[in-house]
Amino acid sequence: MIKNIRDIMAEMKASYDKSKSRQSWQVLQGRDGDNRYSMFVLGDEKLWQIRGMEVARNEMLAVGSQVSGADADIKKYMDSGSPVPFGTITPQTASVSLIMAGVQRYSSESAGTLGRELLSSRQVALNEKLDRELERMCEDRDFRKKYRAYAEESGRSYL
């Protein structure tokens with residue numbers, strides 16, 4: 281089930297907060313040929329995917345879904361890539377940035393392979409659904425208007 285970024289992040293955070301093995305959580309991020317980002321979050325044998333696109337400078341639009349459980353092949357791809365440079369993480373608090381700097385890796389190749397080949401045959405359909413939802417949100421004038429008002433009011437640009 282596709283969820284907005286707020287709901288999927290709340291779901292992952294609740295799972296993380298209950299986790300007895302927080303140090304084993306991993307994040308793999310990559311970008312595809314359409315300049316859309318896929319972020320895979322693996323923790324407690326669950327795998328989530330967040331699909332995002334940049335809609336303006338420093339402004340991302342994203343949706344996500346729990347994808348599957350984890351197996352050895354998925355874990356292998358989650359271990360690949362390069363650590364994400366510290367400066368690419370937008371800090372909300374220093375502790376959030378430090379946590380993410382320790383778990384996130386970047387590899388468009390690994391994220392792409394994970395999304396295309398290792399997950400279930402439904403993965404292509406899920407990517408298409410996530411992309412359609414991103415497009416729908418971008419094209420919705422009311423959504424954009426409400427978002428702009430929120431961003432101006434809060435002084436932050438994110439979704």
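Heads up, the sequence shown is in the working numbering, so the first residue is 281 and it goes up one at a time.
No residue lacks a Cβ here, since even glycine has one placed at the ideal position from N, Cα and C.
Nearest candidate by alpha-carbon position, reference residue i, set the options
i           : options            : result
residue 357 : 327, 410, 425, 408 : 327
residue 331 : 319, 338, 339      : 319
residue 414 : 348, 359, 315      : 315
residue 282 : 412, 427, 294      : 412
residue 295 : 410, 359, 324      : 324
residue 346 : 300, 285, 427      : 285
residue 408 : 329, 290, 293, 298 : 329
residue 317 : 432, 410, 352      : 410
residue 311 : 300, 292, 333, 293 : 333
Residue i - partner residues in DSSP beta bridges
i           : result
residue 284 : 343
residue 348 : 327
Cβ shell of residue i (< 7 Å), same chain only, five flanking positions each side left out
i           : result
residue 417 : 341, 423
residue 292 : 321, 328
residue 302 : 296
Same chain, Cβ closer than 6 Å to residue i, five either side skipped, listed in chain order
i           : result
residue 288 : 344
residue 350 : 322, 325, 327
residue 375 : Summary for residue 375: the model assigns pLDDT 48, below 50, so the residue's position carries little reliability, and this model does not support an answer.
residue 406 : none
Close beta carbons around residue i, own chain, < 8 Å, minus the five adjacent residues each side
i           : result
residue 365 : Confidence at residue 365 is low in this model, with a pLDDT of 47, below 50, so its placement is unreliable and the value that follows should be read with caution. Answer for residue 365: no residue qualifies.
residue 367 : A caution first: residue 367 carries a pLDDT of 40, below 50, which makes its placement in the model unreliable, though a value can still be read off. There are no such residues.
Query raised in the report: Considering only residues of the stretch 285-340, which uninterrupted beta strand (DSSP E) runs meet the minimum length of 3 residues and lie entirely inside it, listed in chain order?
Result: 306-311, 316-323, 326-336
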